[in-house]
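In the numbering used here, the protein residues as written are 13 to 199.
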């Protein structure tokens, strides 16, 4: 489910400020989010930088703020019901063109392969995009296939033919999908 323009620009701007300040402290100089991220992943492991940024967004209440946006919350209540809980751990991913490692440029996968429950949904919200692209592709209906057999986080059994959908997103949109939905990084 794509929810368009559900995160206000003020929240997006606040998230970029928090990430810029965090990266400035890490690099010991004033940087904005985009330039700081590129420099930080040259000096530190990308996973560590992403974890640091996620921790700061969580600590400052931005993750909760995004989840409580009326369009997102109402969609979740409609899909799941009013008894909701969220995973504080979560993550933030930087889809950098310069990165080729499979941990960041993910091929087809299901969230259940990395510990998600079949009772979970994922909310994917781009906070910053170089261009409207979305950065994520889906196989529609794949969530009803159940757990797809995999080896080394790669599906080993897929239908011979399937459709791929790449929603065009802008900053402030969100996608809600089931943890069994096959999805991948789109460059």
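Where is the CB? At the ideal position from N, CA and C, for every residue including glycine.
### Message
On the CB-based measure, 16 or more other CB atoms within 10 Å of its CB, does residue 192 come out buried or exposed?
### Response
Looking up residue 192 in the chain shown gives position 180. Residue 192 is buried by the Cβ-count criterion.
### Query
Between which two residues does the beta strand (DSSP E) harbouring residue 187 extend?
Translated into the one-based positions of the chain shown, residue 187 becomes position 175. Run containing residue 187: 186-190, per the beta strand (DSSP E) assignment.
### Message
Please state whether the Cβ-Cβ distance between residue 188 and residue 87 is less than 8 Å.
### Response
For the purposes of this step, residue 188 is identified with residue 176 of the chain shown, where counting begins at 1. For the purposes of this step, residue 87 is identified with residue 75 of the chain shown, where counting begins at 1. Yes, these two residues count as a Cβ contact at 8 Å.
### Query
Taking the alpha helix (DSSP H) that residue 78 falls in, what are its first and last residues?
Residue 78 sits at position 66 when you count from the first residue of the chain shown. Run containing residue 78: 74-79, per the alpha helix (DSSP H) assignment.
### Query
Got a sec, what are the start and stop residues for the beta strand (DSSP E) residue 90 sits in?
Residue mapping note: residue 90 aligns to position 78 of the chain shown, counting from 1. Following the DSSP letters along the chain, one finds residue 90 in no beta strand (DSSP E) but inside the alpha helix (DSSP H) bounded by residues 82-92.
### Message
Let me make sure I understand the geometry here. Which of 68, 119, 131 and 45 has the alpha-carbon closest to that of residue 148?
### Response
For this step, residue 148 is matched to residue 136 along the chain shown. If we check each option's Cα against that of residue 148, 119 comes out closest.
### Best match in 195, 29 and 60 for proximity to residue 47 [C-alpha to C-alpha]
For the purposes of this step, residue 47 is taken as the residue at position 35 of the chain shown. In terms of Cα proximity to residue 47, the closest of 195, 29 and 60 is 29.
### Task
Identify, in the order they occur along the chain, each residue of the same chain with its Cβ nearer than 6 Å to the Cβ of residue 53, setting aside the five sequence neighbours on each side.
By one-based count along the chain shown, residue 53 stands at place 41. Taken in chain order, the residues that qualify are 61.
### Query
Is it true that the CB of residue 160 sits closer than 8 Å to the CB of residue 194?
For the purposes of this step, residue 194 is identified with residue 182 of the chain shown, where counting begins at 1. For the purposes of this step, residue 160 is identified with residue 148 of the chain shown, where counting begins at 1. It is a contact, given that the beta carbons lie within the stated cut-off.
### Beta-bridge pairing of residue 150 - partner residues as DSSP gives them
In the chain shown, residue 150 corresponds to position 138, counting from 1. According to DSSP, residue 150 bridges with 177 and 195.
### Query
Do three or more CB pairs link the segment 57-73 to the segment 30-41 at distances below 8 Å?
yes
### Query
Looking at residue 131 and residue 24, is the spacing between their C-beta atoms short of 8 Å?
Along the chain shown, one-based indexing puts residue 24 at 12. Along the chain shown, one-based indexing puts residue 131 at 119. No, Cβ-Cβ distance for residue 24 and residue 131 is not below 8 Å.
### Pick from 14, 83, 58 and 45 that is closest to residue 20, judged by C-alpha positions
Residue 20 sits at position 8 when you count from the first residue of the chain shown. Among 14, 83, 58 and 45, the Cα nearest to that of residue 20 is on 83.
### Message
Please report the distance separating the alpha-carbon of residue 186 from that of residue 39.
### Response
Indexing the chain shown from 1 puts residue 186 at position 174. Indexing the chain shown from 1 puts residue 39 at position 27. Using only the alpha carbons, I get a separation of about 30 Å.
### Message
Please report the straight-line C-alpha distance between residue 135 and residue 42, rounded to a whole angstrom.
### Response
The count along the chain shown starts at 1 and reaches residue 135 at position 123. The count along the chain shown starts at 1 and reaches residue 42 at position 30. Cα to Cα, the separation comes out at about 31 Å.
### Task
Quick one: using the 10 Å Cβ neighbour count with 16 as the cut-off for buried, is residue 80 buried or exposed?
Looking up residue 80 in the chain shown gives position 68. Result: exposed.
### Message
According to DSSP, is residue 182 part of a helix, a strand, or is it coil?
### Response
Numbered from 1 along the chain shown, position 170 holds the residue referred to as residue 182. Reduced to three states, the DSSP call for residue 182 is coil.
### Task
Throw me the rounded Cβ distance for the residue 26 and residue 74 pair, which I believe falls under 8 Å.
Start at 1 with the first residue of the chain shown, and residue 26 comes out as number 14. Start at 1 with the first residue of the chain shown, and residue 74 comes out as number 62. The Cβ separation is near 7 Å, so the contact holds.
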